[in-house]
Amino acid sequence: MIDYASGPHGSDIRGLNLVPIVIEQSARGERAYDIYSRLLRERVVFIVGPVEDNVANLVVAQLLFLESENPDKDVHLYINSPGGIVSSGLAVYDTMQYIKPDVSTLCIGQAASMGALLLAGGAKGKRFCLPHSRMMIHQPLGGFQGQASDIDIHAKEILSTRERLNEILAAHTGQPLEKIRADTDRDHFIGGREAVEYGLVDGVLDRRDVASGG
Numbered sequence: 000m001i002d003y004a005s006g007p008h009g010s011d012i013r014g015l016n017l018v019p020i021v022i023e024q025s026a027r028g029e030r031a032y033d034i035y036s037r038l039l040r041e042r043v044v045f046i047v048g049p050v051e052d053n054v055a056n057l058v059v060a061q062l063l064f065l066e067s068e069n070p071d072k073d074v075h076l077y078i079n080s081p082g083g084i085v086s087s088g089l090a091v092y093d094t095m096q097y098i099k100p101d102v103s104t105l106c107i108g109q110a111a112s113m114g115a116l117l118l119a120g121g122a123k124g125k126r127f128c129l130p131h132s133r134m135m136i137h138q139p140l141g142g143f144q145g146q147a148s149d150i151d152i153h154a155k156e157i158l159s160t161r162e163r164l165n166e167i168l169a170a171h172t173g174q175p176l177e178k179i180r181a182d183t184d185r186d187h188f189i190g191g192r193e194a195v196e197y198g199l200v201d202g203v204l205d206r207r208d209v210a211s212g213g
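If you read the sequence shown in numbering that gives the first Met the number 0, its first letter stands for residue 0, the second for the next number, and so on.
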């Protein structure tokens, strides 16, 4: 298992313990939703905390559901993540590219490591961050114990994965692959305005038009 988390800079967030409930009135009576289910109706999906298999499965399921509901309407993916497992993150990334609706991404708080890759992987022109959010890119982390031949196999896999992730970042940011390789060699932190120049996002949102939705 190759980890793409932000190491000591990330926090181990297991979940949001207190989830508000929204009560809606209709002709059929009252209906209660947890806040995330209600926002899903508005095509808003959250990635909060480490990107691991359970989170990835939930996000992928929501993306596929929203595509089935309306394949021509954008999905809005809010990201506040320190990173996570490469295979889990790539499952989300590939689904974002696979489905028909554009996926607009927005960084709230932080998008580090795999979180930054998912942020950059949103639809071109629809990738944003808030003014005080932070992004960070770096190479994947990995460790393995075993026979020397097995360690060699896993080392080659990590190097192959690093190159694949660098190619994805280069494709979405427009940066030369050599620059991506150099910048991801160590933790590389990026603020909002710099992220626009770098190509991770397309804009910094200070305030939004309420009528725009999402």
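Virtual Cβ for every residue (Gly too), placed ideally from N, Cα, C.
Check: Would you mind reading off the limits of the alpha helix (DSSP H) that contains Arg192?; Outcome: 191-197
Check: What are the boundary residues of the beta strand (DSSP E) that includes Val102?; Outcome: 102-111
Check: Roughly how many angstroms separate the alpha carbons of Leu158 and Arg185, rounded to a whole number?; Outcome: 14 Å
Check: Across the region 80-96 and the region 143-154, are there enough close Cβ pairs to call them in contact, namely three or more that are closer than 8 Å?; Outcome: no
Check: May I have a chain-ordered list of the beta strand (DSSP E) segments no shorter than 3 residues that lie completely inside the region 19-99?; Outcome: 20-25, 28-33, 43-47, 74-80
Check: Count the other CB atoms within 10 Å of the CB of Gly28; is the residue buried (16 or more) or exposed (fewer)?; Outcome: exposed
Check: From Ile98 to Leu76, what distance separates their C-alpha atoms?; Outcome: 13 Å
Check: State yes or no: is the C-beta of Ala108 within less than 8 Å of the C-beta of Ser132?; Outcome: Reading off the sequence shown, one finds Gly at residue 108, where the question assumed Ala. For Gly108 and Ser132, yes; Cβs fall inside 8 Å.
Check: Helix or strand or just coil, what does DSSP make of Gly202?; Outcome: strand
Check: Tell me the residue span of the alpha helix (DSSP H) that contains Arg161.; Outcome: 147-172
Check: Can you check whether the CB of Val47 is closer than 8 Å to the CB of Leu62?; Outcome: no
Check: Can you tell me where the alpha helix (DSSP H) with Arg185 in it begins and where it stops?; Outcome: Counting along the chain, Arg185 falls outside any alpha helix (DSSP H), and DSSP gives it neither H nor E.
Check: Does the separation of the CB atoms of Val215 and Tyr32 fall below 8 Å?; Outcome: With the chain represented from 0 up to 213, any question about residue 215 goes unanswered, as that position is not in the structure.
Check: Is the distance from the Cβ of Met134 to the Cβ of Leu199 below 8 Å?; Outcome: yes
Check: May I have the straight-line CA-CA distance separating Thr224 from His171, to the nearest angstrom?; Outcome: Coverage of the chain is limited to positions 0 through 213, which leaves residue 224 absent and any answer about it impossible.
Check: Report the rounded CA-to-CA distance for Ala154 versus Ala110, giving the unit in angstroms.; Outcome: 26 Å
Check: So which of Leu118, Leu129, Ile136 has the shortest CA-CA distance to Asp205?; Outcome: Leu129
Check: Determine the DSSP secondary structure at Leu140, reduced to helix, strand or coil.; Outcome: strand
Check: Residues in the same chain with beta-carbon distance under 6 Å from Arg161, minus the five sequence neighbours each way, listed in chain order, please.; Outcome: Gln138, Pro139
Check: Kindly indicate which three-state DSSP category Leu17 falls into: helix, strand or coil?; Outcome: coil
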